[in-house]
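Novice: What follows is a single structure, and I will ask about it in a moment.
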Amino acid sequence: MLDIQLLRSQLETVTEALAARGMRFDAAAFQAMEGERKSLQTRTQELQARRNALSKQIGMLKGKGEDASAVMSEVAGLGDELKANEQALSALLERINEFVARLPNLPHESVPHGADETANVEVLRWGSPRTIEAPVRDHVDIGAALGGLDFETAVKLAGSRFAVLRGGIARLHRALAQFMLDVHTREHGYTEVYVPYLVNPASMFGTGQLPKFEEDLFAVPFGEGGRFFLIPTSEVPVTNFVRGELLAPDALPMKFVGHTPCFRSEAGSYGRDTRGMIRQHQFDKVELVRIEHPERSWDALEELVGHAEAILRKLELPYRKMVLCTGDMGFSAAKTYDLEVWLPAQNTYREISSCSNCGDFQGRRMQARVRTAAGRNEFVHTLNGSGLAVGRTLVAVLENYQQADGSVRVPAALVPWMGGIELIEPVR
RNA sequence: GGAGGUGUGGCAGAGUGGUUGAAUGCACCGGUCUUGAAAACCGGCAGGGGUUCACGCCCCUCGUGAGUUCGAAUCUCACCGCCUCCGCCA
Numbered sequence: 001m002l003d004i005q006l007l008r009s010q011l012e013t014v015t016e017a018l019a020a021r022g023m024r025f026d027a028a029a030f031q032a033m034e035g036e037r038k039s040l041q042t043r044t045q046e047l048q049a050r051r052n053a054l055s056k057q058i059g060m061l062k063g064k065g066e067d068a069s070a071v072m073s074e075v076a077g078l079g080d081e082l083k084a085n086e087q088a089l090s091a092l093l094e095r096i097n098e099f100v101a102r103l104p105n106l107p108h109e110s111v112p113h114g115a116d117e118t119a120n121v122e123v124l125r126w127g128s129p130r131t132i133e134a135p136v137r138d139h140v141d142i143g144a145a146l147g148g149l150d151f152e153t154a155v156k157l158a159g160s161r162f163a164v165l166r167g168g169i170a171r172l173h174r175a176l177a178q179f180m181l182d183v184h185t186r187e188h189g190y191t192e193v194y195v196p197y198l199v200n201p202a203s204m205f206g207t208g209q210l211p212k213f214e215e216d217l218f219a220v221p222f223g224e225g226g227r228f229f230l231i232p233t234s235e236v237p238v239t240n241f242v243r244g245e246l247l248a249p250d251a252l253p254m255k256f257v258g259h260t261p262c263f264r265s266e267a268g269s270y271g272r273d274t275r276g277m278i279r280q281h282q283f284d285k286v287e288l289v290r291i292e293h294p295e296r297s298w299d300a301l302e303e304l305v306g307h308a309e310a311i312l313r314k315l316e317l318p319y320r321k322m323v324l325c326t327g328d329m330g331f332s333a334a335k336t337y338d339l340e341v342w343l344p345a346q347n348t349y350r351e352i353s354s355c356s357n358c359g360d361f362q363g364r365r366m367q368a369r370v371r372t373a374a375g376r377n378e379f380v381h382t383l384n385g386s387g388l389a390v391g392r393t394l395v396a397v398l399e400n401y402q403q404a405d406g407s408v409r410v411p412a413a414l415v416p417w418m419g420g421i422e423l424i425e426p427v428r
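With this note's numbering as the guide, the letters of the first sequence map in order to residues 1 to 428.
Below is the structure:
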């Protein structure tokens with residue numbers, strides 16, 4: 001959520017910044033609502049002040065045993081107008097709030113300008129694609145040959161965009177997640193967390209999925225009129241740890257790593273990535289989340305990306321590091337690095353991690369603050385990044401480590417997590 | 001599922017219709033004292049918003065939302081969380 005004070009005082013600057021993100025911001029509509037709010041609020045508060053003063057008088061008079069009926073009838077006359085004003089004001093405030101809640105975060109000054117992903121900037125390329133003896137097969141064929149990747153059964157069980165894994169590939173999938181968790185906890189200082197996969201609407205608001213992106217989520221009705229949402233990323237439950245909290249300075253930074261399934265409706269992505277497990281309704285992800293002091297968050301972002309990169313390096317998977325341009329960033333992000341892994345079958349790099357600093361955007365939505373040394377309360381800065389998307393890492397390993405005989409080598413760093421297995425062979 | 005209790009500032013904890021946004025303690029900040037620290041003492045200290053050049057004035061907030069009342073932390077209702085007991089299930 002943007003600071004409404006900023007909207008009031010720097011309307012032009014904000015409008016420009018949002019335009020860079022491809023967001024058409026109706027400044028006139030906002031100003032109209034604000035003008036109305038101002039007069040309505042002033043009038044309402046005048047009436048409230050009058051009522052409070054008169055009521056206080058009644059109290060004093062009655063305390064002294066005097067007659068208060070004249071004052072009482074005067075204050076009674078205020079009732080209708082006051083009530084009407086209060087209702088109009090709260091309705092308007094709700095409208096303004098809803099309006100502001102749908103505005104995305106402002107890009108950091110270091111973010112390149114551009115309309116879409118073609119304007120993203122490559123800042124680093126690591127590793128070189130190994131030579132694979134022709135023909136190069138994609139993970140779907142590799143998985144089918146191994147008998148470990150089964151989309152037909154998944155369709156029977158659930159539908160398209162789901163997968164069933166078996167044998168060595170299922171094991172590989174588990175090993176990858178465990179490996180990532182162990183590296184981040186042992187080597188990068190993150191605290192492992194286990195969290196709910198269903199969350200309430202307030203949590204979804206806190207990280208920015210609601211109110212604007214409800215169609216991307218799976219909802220589960222519960223109780224009378226209540227509902228849960230399936231998390232689209234563990235960023236949601238983990239970041240919301242601090243919702244509504246006023247934290248002591250020494251409580252920060254908080255560094256969490258969680259492994260959860262993620263659920264996305266993928267509404268609007270109908271023709272895209274229909275083959276294989278690149279884009280699924282359910283996938284596992286190991287997520288890094290950091291709650292930071294405002295002045296530390298930009299350093300923290302660089303660290304965080306490095307932690308995600310470390311996984312790719314240990315697995316010896318070639319990747320490149322991109323800075324997303326203004327037009328390609330997510331709703332809550334102030335700056336985002338994407339890590340893209342080399343997929344030989346697609347002969348290109350594909351996103352496997354997205355690491356963002358959200359600044360105070362989520363902190364303000366969550367009302368999560370930290371008491372600074374100066375005694376002021378500031379909204380915390382929040383960061384999150386995939387470290388990594390497990391399903392896509394599985395795809396990357398299958399494709400990059402495929403061998404001519406149809407088997408798949410296990411990356412050396414992963415062998416201990418595979419119980420010593422170095423080669424994935426067909427399921428019997 | 002049934003019965004009862006409870007939800008107040010960073011924390012603990014008073015407050016049951018009227019000059020209470022809220023006693024007190026702890027924590028925190030400033031000062032006195034001290035070579036320094038501690039202790040003691042003095043002072044400050046909830047958040048958000050409106051208005052003002054400023055001093056200030058005003059409004060809202062005691063889990064959330066409705067309601068009663070001239071006036072609600074205090075009364076009523078619903079919801080949410082927590083605690084205890086009973087039942088049921090693992």
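All C-beta atoms, glycine included, are put in the ideal place defined by N, C-alpha and C.
These numbers were taken from a predicted model, which means no experiment stands behind them.
1. Can the beta-carbon of Gly114 be found closer than 7 Å to that of Gly359?
2. Per DSSP, Pro261 is paired with what?
3. To the nearest whole angstrom, what separates the beta carbons of Leu157 and Tyr197, a pair I think is in contact under 8 Å?
4. If I measure Cβ to Cβ from Arg296 and keep anything under 7 Å in the same chain, skipping five residues before and after, which residues do I get?
5. Would Lys285 and Val390 be called neighbours here (beta carbons separated by less than 7 Å)?
6. Taking the alpha-carbon positions, what's the Arg364 to His381 distance?
7. State buried or exposed for Gln402, treating a residue as buried only when at least 16 other CB atoms are found within 10 Å of its CB.
8. Does the pairing of the stretch 78-95 with the stretch 23-37 give three or more beta-carbon distances under 8 Å?
9. Report the option in Arg392, Thr348 and Val289 whose CA atom is closest to the CA atom of Met277.
10. Runs of 3 residues minimum, wholly inside the stretch 119-191: which ones carry the beta strand (DSSP E) assignment?
11. Taking Gly268 as the reference, give the member of Glu215, Val238, Phe228 and Cys355 with the closest Cα.
12. In terms of residues, what are the limits of the alpha helix (DSSP H) holding Ser69?
13. Under 7 Å between the Cβ atoms of Ser354 and Thr336?
14. Output yes or no for whether 7 Å exceeds the beta carbon distance between Leu317 and Asn200.
15. Taking 8 Å as the threshold, find out whether the stretch 414-428 comes into contact with the stretch 169-179 through three or more Cβ pairs.
16. If Val305 sits next to Gly385, beta carbons under 8 Å apart, how far is it from one beta carbon to the other, in whole angstroms?
17. Note down the Cα distance separating Ala181 from Val289, rounded to an integer number of angstroms.
18. Pull up the distance between the alpha-carbon of Gly189 and that of Arg161, whole angstroms please.
19. Which residues in the same chain have their Cβ closer than 7 Å to the Cβ of Glu16, if we skip the five residues on either side of it in sequence?
20. What is the rounded straight-line gap between the Cα of Gly258 and the Cα of Pro237?
21. What are the residues that DSSP puts in a beta bridge with His381?
22. What residue range does the beta strand (DSSP E) around Val323 cover?
23. Out of Phe379, Gly387, Arg272 and Arg350, which one is the CA nearest neighbour of His307?
24. Apply the 10 Å Cβ neighbour rule to Val220 and answer buried if 16 or more other Cβ atoms are within range, or exposed otherwise.
25. Going by alpha carbons, who is nearest to Gly419 out of Asp80, Lys212 and Gln178?
26. Just to confirm, are Val427 and Arg137 a CB contact at a threshold of 7 Å?
Specialist: Result, derived from the coordinates:
1. Locating residue 114 in the first sequence gives position 114, counting from the first residue. Locating residue 359 in the first sequence gives position 359, counting from the first residue. The answer is no: Cβ separation not under 7 Å.
2. Here the question's residue 261 lines up with position 261 in the first sequence. Pro261 is bridged to Asp284.
3. Numbered from its first residue, the first sequence carries residue 157 at position 157. Numbered from its first residue, the first sequence carries residue 197 at position 197. At roughly 18 Å, the Cβ-Cβ gap does not stay under 8 Å, so Leu157 and Tyr197 are not in contact.
4. Translated into the one-based positions of the first sequence, residue 296 becomes position 296. Cβ neighbours of Arg296 beyond the five flanking positions: Pro253.
5. As a position in the first sequence, residue 285 is number 285, starting the count at 1. As a position in the first sequence, residue 390 is number 390, starting the count at 1. Yes, they are a contact pair.
6. Numbered from 1 along the first sequence, position 364 holds the residue referred to as residue 364. Numbered from 1 along the first sequence, position 381 holds the residue referred to as residue 381. Roughly 9 Å separates the two Cα atoms.
7. Stepping through the first sequence from its first residue, residue 402 is reached at position 402. Classification for Gln402: buried.
8. yes
9. Taking the first residue of the first sequence as 1, we reach residue 277 at position 277. Among Arg392, Thr348 and Val289, the Cα nearest to that of Met277 belongs to Arg392.
10. Qualifying beta strand (DSSP E) stretches, in chain order: 121-126.
11. Taking the first sequence and counting its residues from 1, one reaches residue 268 at position 268. Answer by Cα proximity: Glu215.
12. Indexing the first sequence from 1 puts residue 69 at position 69. Boundaries of the alpha helix (DSSP H) around Ser69: Ser69 to Ala76.
13. Here residue 354 is taken as the residue at index 354 of the first sequence, counted from 1. Here residue 336 is taken as the residue at index 336 of the first sequence, counted from 1. Cβ distance < 7 Å, so Ser354 and Thr336 count as in contact.
14. Counting from one through the first sequence, the residue named residue 317 turns up at place 317. Counting from one through the first sequence, the residue named residue 200 turns up at place 200. 7 Å or more divides the Cβ of Leu317 from the Cβ of Asn200.
15. yes
16. The residue labelled residue 305 in the question sits at position 305 within the first sequence. The residue labelled residue 385 in the question sits at position 385 within the first sequence. Confirmed, about 7 Å.
17. Translated into positions along the first sequence, residue 181 becomes position 181. Translated into positions along the first sequence, residue 289 becomes position 289. The question names Ala, yet the displayed sequence has Leu at residue 181. Here the C-alpha atom of Leu181 lies approximately 13 Å from the C-alpha atom of Val289.
18. Along the first sequence, read from residue 1 onward, the residue named residue 189 stands at position 189. Along the first sequence, read from residue 1 onward, the residue named residue 161 stands at position 161. Going from the Cα of Gly189 to the Cα of Arg161 covers about 34 Å.
19. On the first sequence, position 16 is the one that residue 16 refers to. None.
20. Position 258 of the first sequence holds residue 258. Position 237 of the first sequence holds residue 237. Spanning the two alpha carbons is a distance of roughly 10 Å.
21. Within the first sequence, residue 381 is the residue found at index 381, counting from 1. According to DSSP, which records beta bridges pairwise, His381 is partnered with Glu292.
22. Here residue 323 is taken as the residue at index 323 of the first sequence, counted from 1. Here the beta strand (DSSP E) through Val323 covers Tyr319 to Val323.
23. Here residue 307 corresponds to residue number 307 of the first sequence, with the count starting at 1. The shortest C-alpha separation from His307 is found at Gly387.
24. Stepping through the first sequence from its first residue, residue 220 is reached at position 220. Only exposed fits Val220, as fewer than 16 other CB atoms lie within 10 angstroms of its CB.
25. As a working mapping, residue 419 is identified with position 419 in the first sequence. Taking only the C-alpha atoms, the option nearest Gly419 is Gln178.
26. Taking the first sequence and counting its residues from 1, the one referred to as residue 427 is at position 427. Taking the first sequence and counting its residues from 1, the one referred to as residue 137 is at position 137. Not a contact, by the Cβ cut-off of 7 Å.
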